[in-house]
Amino acid sequence: MLMGVGFALVGLRLVHLQIFERGDLARRAERQQERLMKLESKRGNIFDRAGRELAVSLDVESVFGMPKEVENPRSVARELAGILRENPSDLERRLASDRRFVWISRKVDPAKADKVRDLDRMAIGLQVESRRFYPKKTLAGNVIGFTNVDNKGIEGVELWYDQMLRGVDGWVLAEKDARGRTVFPGGHGFQYQLPRPGKDVTLTLDEVIQHIAEKELDKGLAESKARGGVCLVMNPQTGEVLALSVRSTMRGRSAFNPNEPKQYRPEEWRNRAVTDVFEPGSIFKAVTAAAALEEKVVHPQERIDCSAGSIQVADRVIKDAHKSGVLTFTDVISDSSNVGTIKVAQRLGKARYFQYITAFGFGRKTGVDLPGEIPGLVKDYRLWSGVSLGSISIGQEIGVTPIQMAAAYGAIANGGTLMKPYLVSEVRDPNGSAGAKFAPVPVNRAISEETSKMLRRILQKVVETGTGQKAKPASYTAAGKTGTAQKIDPRTGLYSKEDYISSFVGFVPAGSPKLVILVMVDSPVGVVYGGSVAAPIFKSVAESSLTYLQVPPDDLGGRMLLVSQ
Amino acid sequence: MNTRAGNIGSFPYTQSRGGNLRRVLIFGLVVMGLMLYVGGKVQIMRLGYQIDELEKQKRDLERRNRSLQIEASSLSAPGRIEEIAVKRLGMVRPAKENVVVVKRKQGVAARNDQRPTSP
């Protein structure tokens, strides 16, 4: 009788387990027996415009441990620490944990992996993973950016194009045996999804021009003992960025190497050409001149009284660096007269002038494919004070980014069309098919072709006889504008008398511009004028880049040999 | 009766000799078949191991090849080439006065540009 009741109870329990709790228990069993393993996709490569590798993925090995199978964590940890240069007590703690799987060291050098393999420990294994490597080291480091240990983009192009570069991870459904070891079932029950590799990205950057820009900027910064700088080279016809060098000489290290991001502070990663604003100073006078010429409120040969180098604007007196009397408007720009420029800007009025500031792209993001871009600081003209029109016309009371400034000069150089700057020309599958090409994007017409021509001649005079003579490249004509802007002292909120931004922006050759080059030097020591600090860097970059691009010289002074075949 | 008995007596003897031979032959064939089967399996296994080993070698060589390509890419960085050219080989940039720019005649230039480029 009792046995019968017992059997009945067991039977009922069996029915309950097999019928009512079947689904839940089956799911629990699956969870215990199955292991979903991730198959990492291979990150796409980054190339320069000529197909030279700038960022690649390399298969390397990571060391892992299975703590439950480690008999003596202390001795194993000590052995591994010697090979992998890791902290032995930290390794011991990980190996003594109650987890089934722990990482010992991710993405180790092949020599270290071989040594670990030679140990031949059952509980220690090696797994192939993909590691990001930047073969050109510091070259374009701030543009390319870097990834973290899981190959996720953290900065630069690596971050902006992360989704495309990363691809899609695959998976495989493996089973676990009684000891928790992974077993691949095979046969019909074998479920998996192969990873899809990331796409390759081709930049508009040219490795050689990038090297030229970096080398000359480094040289210039060392000579002027400056705190940092930017050198940007752009194709004015298309908006393609050919070189973008960002340097910070603080802490005695000048270049960011994306192979070792942990060695640098976040402020050293960022691309200051798009993330930082600066008061442009006199290089902004080209925008004022463009607006005045377009609106026909001035003629290049019109004579303007520069009031002996001083002008009262509202409650402020603005002076020239050198006293001038009466100058033609061309000379106002080439001699960089503040007074002459302000007088012409006053003819435009606030509303009309503001229209041109926005037409040249200031106050909004350029849309360049880099993370962290800011729109700059441009106040609506209805909020301007009495002094604002005068100040802005000479590049004060306005914040711009280097890339905005280069794009604006690109518009002056190409006949008046503002082009969107861009860094990636093509994205394609690793097998070379199914690509997306990025074409140049005209944003808007800033000025007419005629105004552009007049302004190019004025800016050429800046280099020939004005403040930018040191920017003149040998055998080529050039046009541009110097700038020396006082920085705001963060302690007083007033213009500093020690810290300046020295700059030069221009294009070469002046007649048929192939390159726009912007040089910005942050806080030079001693001589601070843009014409002395930034212009020589412009000259060197222009000479080397034009020679490399095989652009025929247009200013040989009779040294040309005409040949017939 | 005797003859029958004799016949009866001799028949099983002959049948037993032939049957044994057949059994031996069948056994031999089975053994040979098994040996061939096992041998084949062993051979397949051995080839499988060889394929595994060769695939591993292929993977290692591909990895090594990729590493060398990246090393070559790293060594061909423009900064490094310039440094070797200037510091080790003593090369200098041509001075302005040492450069003569040759401008092609318009017609010749146009004709040359139309020619297909050689590989």
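Chains as they are written, first to last, in my numbering: chain U, 968 to 1532; chain X, 159 to 277. Using N, Cα and C, we set each Cβ at its ideal position, and we do this for glycine too.
| Asked | Found |
| --- | --- |
| Under the three-state reduction of DSSP, which class applies to U/F1223: helix, strand or coil? | coil |
| Given a threshold of 16 other Cβ atoms within 10 Å of its Cβ, counted over all protein chains shown, does U/G1165 qualify as buried or as exposed? | buried |
| Counting only Cβ-Cβ distances shorter than 7 Å, please list the residues of the stretch 212 to 238 of chain X near chain U, keeping chain order. | R221, R224, S225, I228, S231, S232, A235, P236 and G237 |
| So with CB distances below 7 Å, who are the chain X contacts of U/V1023? | I228 |
| So with CB distances below 8 Å, who are the chain X contacts of U/H983? | By Cβ distance, chain X contributes nothing, its closest Cβ being about 48 Å from U/H983, past 8 Å. |
| Please name the residues in the stretch 1153 to 1178 of chain U whose beta-carbon is closer than 7 Å to at least one beta-carbon of chain X, in chain order. | E1174, V1175 and H1178 |
| Does chain X have any CB closer than 8 Å to the CB of U/P1102? | yes |
| Going residue by residue through the stretch 1338 to 1387 of chain U, where are the continuous alpha helix (DSSP H) segments of at least 4 residues, counting only ones entirely within it? | 1355 to 1360 and 1369 to 1381 |
| Who are U/C1198's beta bridge partners in DSSP? | U/S1212 and U/V1486 |
| Note down, in chain order, every chain X residue with its Cβ under 9 Å from the Cβ of U/L1106. | A235, P236 and G237 |
| Give me the DSSP bridge partner(s) of U/Q1453. | U/Y1467 |
| Does U/P1476 pass the burial test, meaning 16 or more other C-beta atoms within 10 Å, or should it be called exposed? | buried |
| Helix, strand or coil, according to DSSP, for U/Y1323 in the structure here? | helix |
| Identify every run of the beta strand (DSSP E) within the stretch 1162 to 1193 of chain U, keeping only runs that are complete inside it and at least 3 residues long; order them along the chain. | 1167 to 1170 |
| Which stretch, first to last residue, makes up the beta strand (DSSP E) that contains U/R1002? | E1001 to L1006 |
| Tell me the rounded alpha-carbon separation between U/L1426 and U/Q1268. | 14 Å |
| Determine the direct distance from the alpha carbon of U/V1254 to that of U/L910, and round the result to whole angstroms. | Given that chain U is displayed from residue 968 to residue 1532, the structure contains no residue 910 of chain U and the question cannot be resolved. |
| Taking only three categories from DSSP, how would you classify U/P1233? | helix |
| With a threshold of 8 Å, are at least 3 pairs of Cβ atoms found where one atom belongs to the stretch 1291 to 1311 of chain U and the other to the stretch 1426 to 1436 of chain U? | yes |
| What do you reckon, are the CB atoms on U/A1413 and U/A1378 nearer than 8 Å? | yes |
| Determine the closest residue to U/G1307 out of U/M1131, U/G1524, U/S1008 and U/H1289, with distance taken between C-alpha atoms. | U/H1289 |
| Note down the Cα distance separating U/K1454 from U/V1488, rounded to an integer number of angstroms. | 12 Å |
| Consider the Cβ of U/D1521: report whether some Cβ of chain X lies at a distance smaller than 8 Å. | no |
| As a quick exercise: from U/I1484, U/V1168, U/R1270 and U/L1021, pick the residue whose alpha carbon is nearest that of X/S234. | U/L1021 |
| For U/G1206, collect the residues of the same chain with a Cβ closer than 8 Å to its Cβ; drop the 5 residues on either side in sequence, then sort them by chain order. | A1374, G1377, M1386, K1387, P1388, Y1389, P1407 and V1408 |
| How about the stretch 1125 to 1134 of chain U and the stretch 1037 to 1048 of chain U: do they share at least three Cβ pairs that are nearer than 8 Å? | no |
| Exposed or buried, which one is U/Q1517 when buried takes at least 16 other CB atoms within 10 Å? | exposed |
| Please name the residue, chosen from U/E1465, U/N1238, U/A993 and U/D1173, that lies closest to U/Y1496 on a Cα-to-Cα basis. | U/E1465 |
| Determine the DSSP secondary structure at U/R989, reduced to helix, strand or coil. | helix |
| Looking at C-beta atoms only, is the number of pairs between the stretch 1017 to 1032 of chain U and the stretch 1187 to 1204 of chain U that lie closer than 8 Å three or more? | no |
| Does the beta carbon of U/D1081 come closer than 8 Å to any beta carbon on chain X? | no |
| Check U/K1242 in the structure and name its three-state DSSP category. | Sequence check: residue 1242 of chain U is Thr here, not Lys. Three-state result, U/T1242: helix. |
| Identify the residues that DSSP records as bridge partners of U/W1138: which are they? | U/K1005 and U/Q1160 |
| Could you compute how far the alpha carbon of U/R1088 sits from the alpha carbon of U/D1081? | 13 Å |
| Kindly give me the distance between the Cβ atoms of U/A1312 and U/L1350, rounded to whole angstroms, as I take these residues to be in contact under 8 Å. | The Cβ separation is near 17 Å, so there is no contact. |
| Taking a contact to mean a Cβ-Cβ separation below 8 Å, would you say U/D1136 touches U/L981 in this structure? | no |
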